[in-house]
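Participant: Below: one structure in C-alpha coordinates.
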Amino acid sequence: MLVLPVFAVLLGAIHLAWPLPRPVPLLYGALSTALFILYGLDKWAAVRGRDRIAEASLHALALLGGWPGALLGQQVFRHKTAKPVFLRWTWGCVALNVLLLVTLCTPAAVPIWRSIAQAMGWGAV
(Lines of atoms letter the chains of each structure in order from A and count residues from 1; the text may use other names and numbers.)
(Lines give C-alpha, C1' and ligand atoms only; values in the text may rest on other atoms or scores of the structure.)
Protein backbone atom coordinates (compact mmCIF):
# COMPACT_ATOMS: atom_id res chain seq x y z
CA MET A 1 0.00 0.00 0.00
CA LEU A 2 3.02 2.22 -0.60
CA VAL A 3 1.15 4.00 -3.37
CA LEU A 4 -1.00 6.02 -0.92
CA PRO A 5 1.87 7.77 0.91
CA VAL A 6 3.63 8.28 -2.43
CA PHE A 7 0.47 9.96 -3.73
CA ALA A 8 0.32 12.19 -0.64
CA VAL A 9 3.92 13.26 -1.31
CA LEU A 10 3.03 13.89 -4.97
CA LEU A 11 0.12 16.11 -3.94
CA GLY A 12 2.44 18.04 -1.62
CA ALA A 13 5.04 18.42 -4.37
CA ILE A 14 2.42 19.63 -6.83
CA HIS A 15 1.20 22.15 -4.28
CA LEU A 16 4.74 23.44 -3.72
CA ALA A 17 5.41 23.74 -7.46
CA TRP A 18 2.03 25.15 -8.45
CA PRO A 19 -0.90 26.15 -6.26
CA LEU A 20 -3.18 23.12 -5.96
CA PRO A 21 -6.80 24.14 -6.59
CA ARG A 22 -8.70 24.06 -3.30
CA PRO A 23 -11.39 21.59 -4.39
CA VAL A 24 -8.87 18.91 -5.43
CA PRO A 25 -8.04 17.43 -1.99
CA LEU A 26 -11.72 17.63 -1.00
CA LEU A 27 -12.77 15.76 -4.14
CA TYR A 28 -10.15 13.06 -3.58
CA GLY A 29 -11.23 12.68 0.04
CA ALA A 30 -14.95 12.54 -0.71
CA LEU A 31 -14.63 10.16 -3.66
CA SER A 32 -12.16 7.94 -1.80
CA THR A 33 -14.46 7.70 1.21
CA ALA A 34 -17.43 6.89 -1.01
CA LEU A 35 -15.52 4.25 -2.96
CA PHE A 36 -14.14 2.64 0.21
CA ILE A 37 -17.71 2.32 1.51
CA LEU A 38 -18.90 0.96 -1.86
CA TYR A 39 -16.21 -1.74 -1.79
CA GLY A 40 -17.41 -2.74 1.66
CA LEU A 41 -21.02 -2.83 0.51
CA ASP A 42 -20.11 -4.82 -2.59
CA LYS A 43 -18.20 -7.35 -0.49
CA TRP A 44 -21.20 -7.62 1.84
CA ALA A 45 -23.48 -8.20 -1.17
CA ALA A 46 -21.10 -10.77 -2.67
CA VAL A 47 -20.97 -12.80 0.53
CA ARG A 48 -24.77 -12.81 0.80
CA GLY A 49 -25.49 -13.42 -2.89
CA ARG A 50 -27.22 -10.06 -3.29
CA ASP A 51 -27.19 -7.56 -6.16
CA ARG A 52 -23.70 -6.22 -6.73
CA ILE A 53 -22.24 -2.86 -7.69
CA ALA A 54 -21.22 -2.84 -11.34
CA GLU A 55 -17.47 -3.03 -11.89
CA ALA A 56 -17.77 -0.21 -14.43
CA SER A 57 -19.20 2.02 -11.68
CA LEU A 58 -16.32 1.20 -9.35
CA HIS A 59 -13.81 1.99 -12.10
CA ALA A 60 -15.57 5.22 -13.09
CA LEU A 61 -15.39 6.51 -9.53
CA ALA A 62 -11.77 5.40 -9.26
CA LEU A 63 -10.94 7.30 -12.44
CA LEU A 64 -12.61 10.45 -11.11
CA GLY A 65 -10.33 10.40 -8.06
CA GLY A 66 -11.66 7.76 -5.69
CA TRP A 67 -8.85 5.31 -6.41
CA PRO A 68 -7.11 5.75 -3.03
CA GLY A 69 -10.31 4.56 -1.35
CA ALA A 70 -10.63 1.76 -3.90
CA LEU A 71 -7.13 0.47 -3.21
CA LEU A 72 -7.68 0.69 0.52
CA GLY A 73 -11.09 -0.99 0.25
CA GLN A 74 -9.64 -3.83 -1.81
CA GLN A 75 -7.13 -4.58 0.92
CA VAL A 76 -9.31 -3.99 3.99
CA PHE A 77 -12.24 -6.01 2.66
CA ARG A 78 -10.09 -8.47 0.68
CA HIS A 79 -12.35 -7.78 -2.26
CA LYS A 80 -11.60 -7.86 -6.00
CA THR A 81 -7.96 -8.73 -5.32
CA ALA A 82 -7.89 -12.02 -7.26
CA LYS A 83 -9.28 -10.77 -10.57
CA PRO A 84 -6.35 -9.82 -12.84
CA VAL A 85 -8.51 -8.02 -15.42
CA PHE A 86 -10.23 -5.95 -12.73
CA LEU A 87 -6.87 -5.07 -11.17
CA ARG A 88 -5.42 -4.02 -14.53
CA TRP A 89 -8.37 -1.71 -15.08
CA THR A 90 -8.00 -0.34 -11.54
CA TRP A 91 -4.31 0.45 -12.03
CA GLY A 92 -5.08 1.96 -15.43
CA CYS A 93 -7.56 4.28 -13.70
CA VAL A 94 -4.92 5.20 -11.11
CA ALA A 95 -2.32 6.01 -13.78
CA LEU A 96 -4.72 8.03 -15.91
CA ASN A 97 -6.08 9.95 -12.93
CA VAL A 98 -2.60 10.87 -11.67
CA LEU A 99 -1.52 11.90 -15.17
CA LEU A 100 -4.59 14.12 -15.51
CA LEU A 101 -4.03 15.58 -12.04
CA VAL A 102 -0.44 16.55 -12.81
CA THR A 103 -1.45 17.92 -16.21
CA LEU A 104 -4.34 19.95 -14.80
CA CYS A 105 -2.16 21.40 -12.04
CA THR A 106 0.40 22.93 -14.38
CA PRO A 107 0.24 26.71 -14.88
CA ALA A 108 -1.06 26.16 -18.42
CA ALA A 109 -4.23 24.66 -16.94
CA VAL A 110 -5.12 27.66 -14.75
CA PRO A 111 -7.70 28.97 -17.27
CA ILE A 112 -9.37 25.55 -17.29
CA TRP A 113 -9.67 25.54 -13.49
CA ARG A 114 -11.00 29.09 -13.48
CA SER A 115 -13.71 28.06 -15.95
CA ILE A 116 -14.60 25.00 -13.86
CA ALA A 117 -14.66 27.01 -10.63
CA GLN A 118 -16.84 29.68 -12.20
CA ALA A 119 -19.24 27.10 -13.65
CA MET A 120 -19.49 25.30 -10.28
CA GLY A 121 -19.80 28.52 -8.27
CA TRP A 122 -16.67 27.78 -6.22
CA GLY A 123 -15.22 31.28 -6.46
CA ALA A 124 -11.46 31.68 -6.85
CA VAL A 125 -9.33 28.55 -7.02
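Numbering (my numbering) for the sequence shown: 129 to 253. Quick reminder that beta carbons are idealized off the backbone N, C-alpha and C, glycines included.
#1: Buried or exposed for T218, please, with buried defined as at least 16 other CB atoms from any protein chain shown within 10 angstroms of its CB.
#2: Smallest Cα separation from P147: which of V204, V230 and G249?
#3: Between which two residues does the alpha helix (DSSP H) containing K171 stretch?
#4: Determine the burial state of G331: buried for a count of at least 16 other Cβ atoms within 10 Å of its Cβ, exposed for fewer.
#5: Under three-state DSSP, which class holds R242?
#6: Using a Cβ-Cβ cut-off of 7 Å (strictly less than) and excluding sequence neighbours within five positions of K171, which residues of its own chain qualify?
#7: Would you mind stating whether A254 and L186 have Cβ atoms separated by less than 8 Å?
#8: Which residues mark the beginning and the end of the alpha helix (DSSP H) in which R206 is found?
#9: I want to know whether the region 147-160 touches the region 237-250 - three or more CB-CB distances under 8 Å.
#10: Given a cut-off of 8 Å, decide if Q203 and M248 are closer than it, judged by their beta-carbon atoms.
#11: Does C221 come out as helix, strand or coil in the three-state DSSP assignment?
#12: Excluding five sequence neighbours on each side, which residues of the same chain lie with their C-beta closer than 8 Å to the C-beta of L215?
Facilitator: In terms of the structure at hand:
#1: The sequence position of residue 218 within the sequence shown is 90, counting from 1. Per the 10 Å Cβ criterion, buried.
#2: Taking the first residue of the sequence shown as 1, we reach residue 147 at position 19. Ranking the options by Cα distance to P147, first place goes to V230.
#3: Here residue 171 refers to the residue found at position 43 of the sequence shown. Per DSSP, the continuous alpha helix (DSSP H) segment holding K171 begins and ends at P151 to R176.
#4: Nothing can be reported for residue 331: it is not among the residues displayed for the chain, which extend from 129 to 253.
#5: Indexing the sequence shown from 1 puts residue 242 at position 114. If DSSP states are grouped into helix, strand and coil, R242 belongs with the helices.
#6: Residue numbering aside, residue 171 sits at position 43 when the sequence shown is read from its first letter. Once the five neighbours on either side are set aside, the close Cβ partners of K171 are F205 and H207.
#7: Not covered by the structure: residue 254. The range shown for the chain is 129 to 253.
#8: One-based indexing of the sequence shown puts residue 206 at position 78. For R206, there is no enclosing alpha helix (DSSP H), as DSSP marks it with neither H nor E.
#9: Verdict: yes, contact present.
#10: Position 120 of the sequence shown, counted from the start, is the residue given in the question as residue 248. Position 75 of the sequence shown, counted from the start, is the residue given in the question as residue 203. A distance of 8 Å or more separates the beta carbons of M248 and Q203.
#11: Counting from one through the sequence shown, the residue named residue 221 turns up at place 93. Three-state DSSP puts C221 in a helix.
#12: Here residue 215 corresponds to residue number 87 of the sequence shown, with the count starting at 1. The answer, listed in chain order, is K208 and T209.
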